[in-house]
Amino acid sequence: MNEPTRYGTSAKPTALEIHHPTPVKPMPTHTVPLAPAQPGAIPAVASVVLPDGRIVTGYAIHPAQPEPLAHKPAVSRTAVNVALGGVGFLAVCGGLLLLTTFITALTALVTQLVILAAVVFGGWVAVQLFSTSGHKGGTTVNIRKAVIKRNRFYG
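Okay, here's the thing in structure tokens:
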């Protein structure tokens, strides 16, 4: 009878019994002078008798009120964020442009310094090679009128 099927058990559902709580009638109380309280500061206490005889006492629960919708600004936040992002992007692009300009100028300066060093060093080498002052440590031969007879040199 309670065999499992594709859609659950084959047992037929039974009738449901619904119990409605019965409110408790307030009992007469002696009047005791109370300190004045602001209205709405202390919530009302409610008691309910359950079908099995138990009494439940508690504060009444009021449904939560949704917060009122805030006034929407004339310009959406997304549009403001996009605009600020564009301004930031332009600032970064300007900085990158200055950075590339600086790198280009630095490269040109280094190139000119290398060329200047090559010219100065080359000039120094040329002066050392072609200068006539000083003794070079070789054999100096002054050729004058010489006579060569029978493969002999007479100077």
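Residues 83 to 237 in my numbering are what the sequence shown spells out, letter by letter. Beta carbons are placed, not taken as given, at the ideal position from N, Cα and C, and that holds for glycine.
- The beta carbon of Val138 sits closer than 6 Å to those of Val130, all from its chain and outside the five residues before and after it, given in chain order.
- Membership of Val130 in the beta strand (DSSP E) is indicated by the continuous run Val127 to Val131.
- Counted as a single uninterrupted DSSP element, the alpha helix (DSSP H) harbouring Gly205 occupies residues Arg159 to Phe212.
- Listed in chain order, the non-local C-beta contacts of Val106 below 6 Å within the same chain comprise Ser129 and Val131, local neighbours out to five positions each way being set aside.
- Taking the CA atoms as reference points, Thr189 sits about 20 Å from Val202.
- The bridge partners DSSP lists for Ile137 are Val131.
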